[in-house]
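Worksheet for the structure shown next.
In the working numbering, the protein residues as written are 592 to 824.
What follows is the structure in C-alpha cells.
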C-alpha cells in the first residue's frame, strides 16, 4: 500500500473522486480514505495544517499502517519569482533519494521541477517573508507539514517523497491576511471573520475568486501527477 498525505480535503478532492473501491475510516483523530489507483492500493490521510495537527495524526497513522512508501502531497507557496501557479515540484531536500529518482523519471513529461521546500511554523504570504525564506534557507517554496511527515517516516524506515503543487506566488499571493483565510487552531476558515473582512475590503472579493481558480488549477495538476506517479511506483 502507498500512503498519500494532504493537509486538507480541498487539496485531495480531485484524487479522492477518482479512487476505486473507496472506503473511509478514522484512526487516532485522522480521517483515512482507502481505495485503488489502477491496481495500486492507497490510503489517503488528512493531517491538518501545521505541526500541532499534523504530528499526532501522522504518528498515529504510521503506528496503525505499514505503507511501503509515502507521498507527502498538497499545495505549497512559492518564495521565488520563477514559479507559477499550478507548477509541480518534488522536494530534493526532504525526499528519499530512490523515490526522488523514480518520480523524476515517471513524471519527466509532466514539467515537474526538482526544488527545495521549507516547512514553516506559520502561514507565509508577505513578500518580505517569502524573500527571507528564500534567502536564509535557499528554498524555492514553503509548506507547513512536509518536514514533520519526513521525520515520522524516517524513524520508521519508510521512504517518503514530497510532491507539491504551487497555489500562490509572490505575484499571485493570498487574497486576504492568513489569519483571516484560515484559523490554524480551529483548522478551518472562520466564515464570519472572512465575510466581515470582505465587507470592509470589497475590492478583495475579486482576489478571493481568482484565488479559488488558482486552487483549482493547482489541484488539477497535482491530481494528474499523483495518478501517473502512483500507478507506476
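Where a beta carbon is used, it is the ideal one built from N, C-alpha and C, also for glycine.
Straight-line gap, residue i to residue j (C-alpha atoms, nearest Å)
| i | j | result |
| --- | --- | --- |
| residue 592 | residue 649 | 16 Å |
| residue 796 | residue 665 | 25 Å |
| residue 791 | residue 766 | 14 Å |
| residue 740 | residue 782 | 29 Å |
| residue 820 | residue 799 | 31 Å |
| residue 676 | residue 756 | 8 Å |
| residue 801 | residue 762 | 13 Å |
| residue 663 | residue 734 | 11 Å |
| residue 754 | residue 812 | 11 Å |
| residue 745 | residue 682 | 15 Å |
| residue 679 | residue 704 | 6 Å |
| residue 758 | residue 805 | 6 Å |
| residue 633 | residue 616 | 13 Å |
| residue 642 | residue 597 | 13 Å |
| residue 637 | residue 764 | 24 Å |
| residue 807 | residue 785 | 20 Å |
| residue 695 | residue 609 | 23 Å |
| residue 684 | residue 780 | 31 Å |
| residue 605 | residue 818 | 10 Å |
Check whether residue i and residue j have beta carbons under 7 Å apart
| i | j | result |
| --- | --- | --- |
| residue 730 | residue 707 | yes |
| residue 728 | residue 709 | yes |
| residue 667 | residue 743 | no |
| residue 760 | residue 674 | yes |
| residue 716 | residue 769 | yes |
| residue 635 | residue 595 | yes |
Secondary structure of residue i, DSSP reduced to three states
| i | result |
| --- | --- |
| residue 767 | coil |
| residue 654 | helix |
| residue 631 | strand |
| residue 659 | coil |
| residue 743 | helix |
| residue 713 | coil |
| residue 787 | helix |
| residue 729 | coil |
| residue 797 | helix |
| residue 760 | coil |
| residue 649 | helix |
| residue 749 | coil |
| residue 776 | coil |
| residue 597 | strand |
When the options are compared against residue i, the one with the closest alpha-carbon
| i | options | result |
| --- | --- | --- |
| residue 750 | 714, 612, 658 and 773 | 658 |
| residue 823 | 654, 660 and 608 | 660 |
| residue 621 | 687, 600, 612 and 632 | 600 |
| residue 640 | 691, 672, 713 and 698 | 713 |
| residue 778 | 697, 645, 617 and 607 | 645 |
| residue 719 | 696, 697, 672 and 810 | 672 |
| residue 612 | 630, 656 and 595 | 630 |
Residue environment, residue i, which counts as buried when at least 16 other CB atoms sit within 10 Å
| i | result |
| --- | --- |
| residue 814 | buried |
| residue 602 | buried |
| residue 787 | exposed |
| residue 736 | buried |
| residue 700 | exposed |
| residue 670 | buried |
| residue 624 | buried |
| residue 628 | buried |
| residue 689 | exposed |
| residue 832 | Because the chain in this structure spans residues 592 to 824, residue 832 falls outside the shown range and cannot be described. |
| residue 692 | exposed |
heavy atom of the ligand NAP below 6 Å from residue i C-beta
| i | result |
| --- | --- |
| residue 709 | This structure lacks the ligand NAP, and indeed carries no ligand of any kind. |
Residue-chain proximity (residue i, chain D), Cβ-Cβ < 7 Å
| i | result |
| --- | --- |
| residue 732 | Absence of chain D from the displayed structure is noted, only one protein chain being present. |
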